[in-house]
Structure formats: C-alpha cells, structure tokens
Amino acid sequence: MRKKKRILILSEGFGAGHTQAAYALSDSLRLLAPHIQSRVLELGTFLHPTLAPLVIGAYRRTVTTQPKLYGLVYRSQDRKTLNRLTRLALHRICYAQTAAIVRQLKPDAIVCTHPFPSAVISRLKRFGLEVPLYTVITDYDAHGTWVSSEVNTYLVSTPGVKHKLESLGIPPEAVQVTGIPVHPNFWQPHNRDELRARFGLRQLPTVLVMGGGWGLLKDRNFLHHLLRWREQIQLVLCLGSNHSSLRELAEDPRFRHPNIRLLGFTKEVSQWMDVSDLLITKPGGMTCTEALAKGIPMLFHKPIPGQEERNLQYFTQMGFGEAIRSAETVDLWFRQLIDHYPEIEQARSSRSAAGGAAYSPSLCSQAIMEMVP
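When the count follows the working numbering, it moves up by one through the sequence shown with no breaks and lands on 821 for the last residue.
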C-alpha cells in the first residue's frame, strides 16, 4: 500500500486571503492527490490563541483607518527582507513551538501562504531542518518580506512577480509561475438558470458587491449611489462576517427591495459569481483570482495602498477590470449592462472560457504534487 505523503500548510490571519489560499490548496490536493494528506494551521493563532487575535485586530484597524500610513510602510520596506527586530520577535514567539510541531507531524513538505511562517520555517532550515519549503505568494506583487534564501521554491501569480523575486536575489530556477490557488468550487462553471431559480433571482443584469470586511460596504455614499439602479439591476451585497454592517443594512428600508440581496458569510461565492455579470470589489489577491477563474469582469473600489494597488495595476493592465474613478465609472458599466444585456448574457460563458485560458486554477496544486519528495 502506498504511503501517504504529508504536507503541512502554514498561514496567518492578516487578511482572509492567505488562509483562503491555504485551504484552497488543501482541498485541491485532497481532490487531485488522494495519496497526499494535508493540514492547515494559522501558525500564530494556533500557538498563541489569545495574543494573535489582538495583533491581527490591530493590523486590521491600521489598514482600514490609516491606509496611507500602511501604504507608506509597505513601500518603504518593499525591497527589504524582514528586519532583525521582526525576525527576533518571530523567533521568540514561534520558533521553539514550531519546531515541536514539525517534529510531531513529520511533514514531507511545508507550504507557507504568508511571509511570517515562511520566515520561521526558513530559520528552522538554517539550523538543520531538512523538510522542503514551498512558499505561495498570494498577491500580484512580491514584497521583500517574502524573500528568504531557505525557500526551496516560490509559487507565484505572474511572470512579473517572478522577475521581481529574481531582482531581489532569488535564482530563476527557484520560482514557478503557477497562479494563486483557488478552491475547486471555482474550477468549473455552474448553470445560471438553475442558480437563478435556487437563489430567487430574476433574469436581470446582476452585480455582486464584495468587500464588507475591509471598508467597501462601509462607504455609504457609494452604496446609496448603487441604490439608484435597483429597479433595473439586481444588487447582491456580500458582507462576509461583518455582522454589524449586515444588521445595519437589513434595518435600512432603502435596502428592502426585491432586487437587493444581503448576504453574510457564504460558502457559495463561486455560484454567486457565476450568476452575476459584474463584480465590484476591493482588489484583494484572492477575490480577484477567484473572479479571474470565473471570467467575471471587475470594478475596483479604493485600493488600500500597498499590495491592493499592485493587484489593481495588474488586473487593469491585463484588461480584467477597471478602477472606479468616480460615480460615472459605475454608471457607464451599469448602462452597458442594461442596454446590451442579451448579448452580455450570451457572452458570459465565453468570458469564463477566456478567464480559464488566462489562468489555470489547479496549476499551483499540481506543481506542489510534483515537487513533494
């Protein structure tokens, strides 16, 4: 009987995308390679369940309330590896306990989807750990904090990210362009008519709005502008785990309309993307990659300075979406949806095929399967 290979996938909760990528990898490997066992850990939360949420909460508040400060720090450290103080802190907080976890689980490979656990495992490798380390960069940029010579292979989103890593000293053979992994739910399209019936939607232009946890749906002026179109366009507002905003909008009579749907956390994002004709979102790496897999065009709302700006740059340059410069941007897209809806709906399936041609959602998982010793 073939012995099962073990892969330990490490992430952190600084933004949902890193952990989403970790679970997407885990589920993809389970589907593609039954001989591989995988386990996902948010390392900081697992080791320090009291301290980690406080640190992550402080980070989240800084990003949402002081984005310019965050962007300044991001750019100032763009080509620098983790500084000595940060490495020392990670060593003190995580090093010994992480070493114990690795000894206990005995993985054949370790995959990291966040730079902090990648730095911790890199230090372990520096002092004798022989387990191969594969690091998946979950945005369309390679910040210096990801860089470590102990990483065996980087798996990245685009050739541009590969070139940046090379400019930071990583050898070309240590970088594979695989795209960012997304959950298998996003690999295949669903039937739009069946989804409309299940979700109780009409055959109207449908716009999915995501980003409730990171400020988009807190922009009340923007939301109220969207409401002007509610007679002609179905609006699906996905607020994720932002329970306070969900409750606030549900109590607002302006949002009680047959063409408006308010969603909390859902595991059916792939289906909602399939049944929608346009996505309005913050340009986070994971959400944009999921939309790319679905071939749905995107409008981007106020990117946070830093990695979201880099993501926005990539997706607009490639023609996959457009930045919202003003209310007129939204109006032009909505008018196009209304005036040309039969043609747009007919072309929806071909857009999905175009997205698949630009991005193969299983490629990252397949690359890891091939590398595991």
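Glycine included, C-beta positions come from ideal geometry on N, C-alpha and C.
Using a Cβ-Cβ cut-off of 6 angstroms (strictly less than) and excluding sequence neighbours within five positions of residue i, which residues of its own chain qualify?
i, result
"L755", "In the sequence under discussion, the amino acid at residue 755 is Gln, which differs from the Leu named in the question. Counting only Cβ-Cβ distances below 6 angstroms, and skipping sequence neighbours, we find D587, D589."
"V630", "A472, T737, E738, A741, P809"
"A481", "M817"
"P731", "F748, P751, E756, N759, L760"
"Y762", "Y588"
"V488", "I457, A470, Y471, S474"
"N707", "R678, Q682"
Ignore the nearest five residues each way along the sequence and tell me which others in residue i's own chain have a CB closer than 8 angstroms to its CB.
i, result
"L404", "Residue 404 lies beyond the stretch modelled for the chain, which goes from 449 to 821, so this question has no answer here."
"Y807", "G627, T737, L740, A741"
"P607", "V625"
"E614", "P620, V623"
Along the chain, where does the beta strand (DSSP E) containing residue i start, and where does it finish?
i, result
"E770", "769-771"
"Y588", "That residue, Y588, is in no beta strand (DSSP E); it is neither H nor E in DSSP."
"Y807", "Segment: none, Y807 is in no beta strand (DSSP E) and carries neither H nor E."
"C686", "682-686"
"V604", "601-604"
"F748", "746-748"
"K421", "For the chain, the structure presents residues 449 to 821; residue 421 sits outside this window and is missing."
"I708", "708-711"
"I728", "726-729"
"V623", "623-625"
Alpha carbon to alpha carbon, how far is residue i from residue j?
i, j, result
"S476", "I484", "11 angstroms"
"N639", "D722", "8 angstroms"
"A795", "K453", "43 angstroms"
"I752", "G733", "12 angstroms"
"L760", "F768", "10 angstroms"
"H672", "Q651", "23 angstroms"
"A470", "T561", "6 angstroms"
"I728", "E791", "21 angstroms"
"V778", "D641", "26 angstroms"
"F782", "V820", "47 angstroms"
"E770", "L656", "15 angstroms"
"R668", "M746", "20 angstroms"
Can you tell me whether residue i is buried or exposed? The criterion is at least 16 other CB atoms within 10 Å of its CB, across all chains shown.
i, result
"E460", "buried"
"P563", "buried"
"A548", "exposed"
"D725", "buried"
"R758", "buried"
"H749", "buried"
"S689", "exposed"
"K573", "buried"
"Q636", "exposed"
"Q468", "buried"
"A544", "exposed"
"L780", "exposed"
"S774", "exposed"
"G576", "exposed"
What residue does the alpha helix (DSSP H) around residue i start on, and which one ends it?
i, result
"Q765", "755-765"
"A557", "Looking at the DSSP string, A557 is not in any alpha helix (DSSP H); the run it does join, the beta strand (DSSP E), is 557-560."
"S718", "717-723"
"Q485", "Not the alpha helix (DSSP H): Q485 falls in the beta strand (DSSP E), residues 484-490."
"T654", "T654 -> not in any alpha helix (DSSP H); beta strand (DSSP E) instead, spanning 654-658."
"L675", "668-675"
"I549", "544-553"
Give me, in chain order, the residues of the same chain whose beta-carbon lies closer than 7 angstroms to that of residue i; leave out the 5 immediate sequence neighbours on both sides.
i, result
"P632", "D475, S476, L479"
"S570", "L581, S596, E598, V599"
> With a cut-off of 8 angstroms, do at least 3 Cβ pairs link the region 713-729 to the region 639-648?
Replying inline: The answer is yes - the region 639-648 touches the region 713-729, with three or more Cβ pairs under 8 angstroms.
> Does the region 564-578 come close enough to the region 592-607 that 3 or more CB-CB pairs lie under 8 angstroms?
Replying inline: Taking one beta carbon from each stretch, the region 592-607 and the region 564-578 have 3 or more pairs nearer than 8 angstroms; the two touch.
> Any chance the region 595-605 sits against the region 613-628, with 3 or more Cβ pairs inside 8 angstroms?
Replying inline: Two segments are said to touch when three or more pairs of C-beta atoms, one from each, lie closer than 8 angstroms; by this definition the region 595-605 touches the region 613-628.
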